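2 protein chains.
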Amino acid sequence: MTPLLTDLRVVEVSAFIAAPLGGMTLAQLGAEVIRIDPLGGNVDYRRWPLNETGESLYWASLNKGKRSVAIAMNRPEGQEIARALITAGGDGHGILLTNLPAKGWLDYDVLRRERADLIMLQLTGNPDGSTAVDYTINCASGFPYATGASEEPVNHVVPVWDVAAGLYMATGLLAAERHRARTGMGQKISLSLADVMLATVSNLGFTAEVEVNGQGRRPLGNDLYGAYGHDFATRDGRRVMVVAISNRHWRALGTATGLAERLAMIGPMMDVDLATEGGRFEGRHAISAVLSPWFAARALDEVREALEGTGVLWGAYQDFEQLVAEDARFSTANPLFQRVDHHGIGPFTTPGTPLGFGAVPRQTLTGAPRLGSATEAVLADILKLPSHEIARLVDQGVVAV
Amino acid sequence: MTPLLTDLRVVEVSAFIAAPLGGMTLAQLGAEVIRIDPLGGNVDYRRWPLNETGESLYWASLNKGKRSVAIAMNRPEGQEIARALITAGGDGHGILLTNLPAKGWLDYDVLRRERADLIMLQLTGNPDGSTAVDYTINCASGFPYATGASEEPVNHVVPVWDVAAGLYMATGLLAAERHRARTGMGQKISLSLADVMLATVSNLGFTAEVEVNGQGRRPLGNDLYGAYGHDFATRDGRRVMVVAISNRHWRALGTATGLAERLAMIGPMMDVDLATEGGRFEGRHAISAVLSPWFAARALDEVREALEGTGVLWGAYQDFEQLVAEDARFSTANPLFQRVDHHGIGPFTTPGTPLGFGAVPRQTLTGAPRLGSATEAVLADILKLPSHEIARLVDQGVVAV
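Here's what the structure looks like:
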């Protein structure tokens, strides 16, 4: 079978989350992604969490399905080989993805001397090119001061800006490659983590709220802004999130809990219109007060039985261990997942792309490569280096296999 | 000038965040995106926050640069018009993006009778097609139990799974359109919010940590896992986030604060190797104890002066109001932003795509359309309906202009 992204080759010189996720996203759609690393691995190669033998579960999870080439990029001869790899090949090739400073041998104008239609996407921390990471961008986003229930800032744990940047990278490269296929033109694409954050905060209306209404969002605990949403404790010590956005959700909640009549009393009592999202938001504390004993009287299984199939929007909170142990969606019964044996680590449940394409079957998944495991094949196949020359480069420490 | 995504037309039948963001992402790269809504607007049309006249800042922010067509999709004649729009046109057309149930007239097999190479991406809540929203997916992700400092779950406020799903949609549609341009084949693409969450949690190593090491991540407050990161109060009541991932960051922190010698005492005192990320994580409480008085003795401006340009990774916390008022990156000095006058709302600072493409200039940005403002032009230009026929459809309440 043909993969979806036939004849697309991306060279990645990257570290940490965003750029590796960008490359992996394209690899999962069938692109050939070659990650070039320094001989001992890049700065993310031993990033926590590690297994008991010191292999990084983080690196293994963010580099699945790539080919690994190890080159001493701090030496001119290594830089020459890397540059040749980046600029080699035909129509769908000549694409570079990096979060390294694009200067010296990685400068776009230097690289495009070798290939005029090169597409290069460079991720920086700030729009001015200065360094930043998800944590030093997130503190500026406003979200920590709107998270939790107190006035103290609370950091997110999911690296939102890295994840979004990685997906913008995949989108941007596909858009630029489409443009190149039609016009013959390559280009440099710039993206900063800060701009991803700023665009997203604005796209969600948070900055317009300040500019237009003169006030920023305040922390609401686990409540939902502008509609009804609240978390409840169950009798057996679990918690659930319950949401009613549309009138249909709201009616379903009253019916399924048998509390519709009592909930209806809140309208006149609080002088709010419970037939609107905004009215339910304004009356949320009274709504939660009526619903709370219902959940407290039931174990999670009883809540599930009472709400499932009723049209009520709800979900159970899980920690990571419960997610792995109890959630049926986290299993090979879900076509997203396959059991993959990872180099140096062993088997664990491994996702492919969440996109299910009707025209091509799901790929058989592979783990992250052993560092340098594709060096020999790539130098031979793409750069046409003879085996004695590859042996010389290995001997002299220019590449590792 | 030619936009990047020349001749790409996407029809969007959507609501809320993910699907509208997917469409807007493509519109910002130059695609023609036609959002079809019911006559009075879809369920997200009055979503909070609202301005004083009841216009939604949320809707305005998530639908910028689209064309709006209003059709009574609950009537057979309306469905016929919508179907004709979805399937009309040439090579880069015939692309549908939706988060509505794809049944009845929106069923893929029904639609492709009109256009065999249709590309349709449907977003659902769960992989089995059942409904879920960001809040009822997030509670299952494990992150709320790892956020904050207590054992209670803390919801994120940024709708991570919606944002990631929107960006996966843009990536998936571009990949499928590339495939169609090469093979002539259309396809249905399925994506669920739950799969986006599950894939991301796994891609970041959180589930492998449970499966391989037998333990899930616990809450760490605002600290960073596996390296050094902590937030500090300043003398003037602000807070800053400080991070040291590489050894270079770590040395810069000691030098800039003048505390290198005292920080070095932590190694033998705590029996940790401060030349490693893991050692700094293990010694983090002692590190924070040494650094804390340095920040408490300085106002934010003094911290900035002492740290800027030193290679220390740090950032100031801001709430949304401070982001708008104080952050120089949130201004039209940053090419990401333009001042746009939004229909019914007025001007506010508005981002385009965070991707900066060297081959095409930044677009002149526009706001979200007035509902139905493109109905007449689209029916005339794409469906070639004569003006008297459009007038009849308006009179009979099948479309609105």
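Residue numbers (my numbering), protein chains in the order written: chain G, 1 to 401; chain P, 1001 to 1401. The beta carbon of each residue, even a glycine, is placed where N, CA and C say it ideally should be. These figures come from a predicted structure and were not determined experimentally.
{"Item": "Supposed close pair P:V1201, P:S1141 - CB separation, criterion 8 Å", "Value": "6 Å"}
{"Item": "According to DSSP, residues forming a beta bridge with P:P1351", "Value": "P:F1337"}
{"Item": "Exposure of P:E1376, with buried meaning 16 or more beta-carbon neighbours within 10 Å", "Value": "buried"}
{"Item": "Alpha-carbon spacing of G:D327 relative to P:P1361, whole angstroms", "Value": "47 Å"}
{"Item": "Beta-carbon proximity of G:I17 to G:G172, cut-off 8 Å", "Value": "no"}
{"Item": "Test item: CB-CB of P:A1306 and P:R1235 under 8 Å", "Value": "no"}
{"Item": "Chain G within 8 Å of P:R1009, Cβ atoms only", "Value": "no"}
{"Item": "Simplified DSSP state of P:E1032, which is helix, strand or coil", "Value": "strand"}
{"Item": "P:V1212 beta carbon less than 8 Å from that of G:L371", "Value": "no"}
{"Item": "Identity of the residue in P:G1092, P:N1051 and P:G1254 nearest P:G1030 by Cα", "Value": "P:G1092"}
{"Item": "Minimum Cβ-Cβ distance from G:D341 to chain P less than 8 Å", "Value": "no"}
{"Item": "Within-8 Å CB hit, P:T1098 to chain G", "Value": "no"}
{"Item": "Near-chain G residues of the stretch 1185-1196 of chain P (beta-carbon distance less than 8 Å), N- to C-terminal order", "Value": "M1185, G1186, Q1187, K1188, I1189, S1190, L1191, S1192, A1194, D1195 and V1196"}
{"Item": "Whole-angstrom distance between P:T1053 and G:T366, CA atom to CA atom", "Value": "54 Å"}
{"Item": "Status (buried if at least 16 other CB within 10 Å, exposed otherwise) for P:L1274", "Value": "buried"}
{"Item": "Among G:I36, G:G41, G:S292 and G:G89, the one whose alpha carbon lies nearest that of G:L259", "Value": "G:S292"}
{"Item": "Cβ-based contacts, 7 Å cut-off: residues of the stretch 1164-1179 of chain P near chain G", "Value": "A1164, L1167, Y1168, A1170, T1171, G1172, L1174, A1175, A1176, R1178 and H1179"}
{"Item": "8 Å Cβ cutoff, P:I1095 in contact with chain G", "Value": "no"}
{"Item": "Contacts of P:M1241 in chain G (Cβ-Cβ under 8 Å)", "Value": "Y135, T136, N138, C139 and N155"}
{"Item": "Backbone secondary structure at G:A403 - three-state DSSP", "Value": "Lying before the first or after the last residue shown, residue 403 of chain G is absent from chain G, which here runs from 1 to 401."}
{"Item": "Sequence-distant residues of its chain with Cβ nearer than 6 Å to G:M120 (five each side left out)", "Value": "L96, Y108 and K188"}
{"Item": "Selected residue, minimal CA-CA separation from P:L1204, among G:A244, G:P49 and G:L393", "Value": "G:P49"}
{"Item": "Same chain, Cβ closer than 6 Å to G:Y402, five either side skipped, listed in chain order", "Value": "Because chain G is modelled from 1 through 401, residue 402 of chain G falls outside the range shown and cannot be assessed."}
{"Item": "Residue-chain proximity (P:N1042, chain G), Cβ-Cβ < 8 Å", "Value": "no"}
{"Item": "Spatial neighbours of P:N1099 in its chain, beta-carbon cut-off 6 Å, leaving aside the 5 residues before and after", "Value": "S1014, A1019 and L1123"}
{"Item": "Buried or exposed by the 16-neighbour rule on C-beta atoms within 10 Å, applied to P:A1194", "Value": "buried"}
{"Item": "Element boundaries [alpha helix (DSSP H), containing P:L1005]", "Value": "Unbroken run through P:L1005: none, as it is neither H nor E."}
{"Item": "Rounded straight-line distance, which links the Cα of G:D128 to that of P:A1333", "Value": "11 Å"}
{"Item": "DSSP-derived helix/strand/coil call for G:I95", "Value": "strand"}
{"Item": "Within 8 Å, strictly: CB atoms of P:L1021 and P:L1383", "Value": "no"}
{"Item": "Burial state of G:H179 (16 or more Cβ within 10 Å)", "Value": "buried"}
{"Item": "Euclidean distance between Cα positions of P:E1209 and P:V1378", "Value": "52 Å"}
{"Item": "Rounded Cβ spacing between G:R238 and G:A149 (contact assumed at less than 8 Å)", "Value": "So it is not a contact: roughly 20 Å between Cβ atoms."}
{"Item": "Beta-carbon proximity of G:T350 to G:S331, cut-off 8 Å", "Value": "no"}
{"Item": "G:L29 Cβ short of 7 Å to the ligand GTP heavy atom set", "Value": "Inclusion of the ligand GTP in the displayed structure is not the case, the ligand content being empty and no account of it being possible."}
{"Item": "Which listed residue (P:L1253, P:G1023 and P:R1339) has its alpha carbon closest to that of P:W1294", "Value": "P:L1253"}
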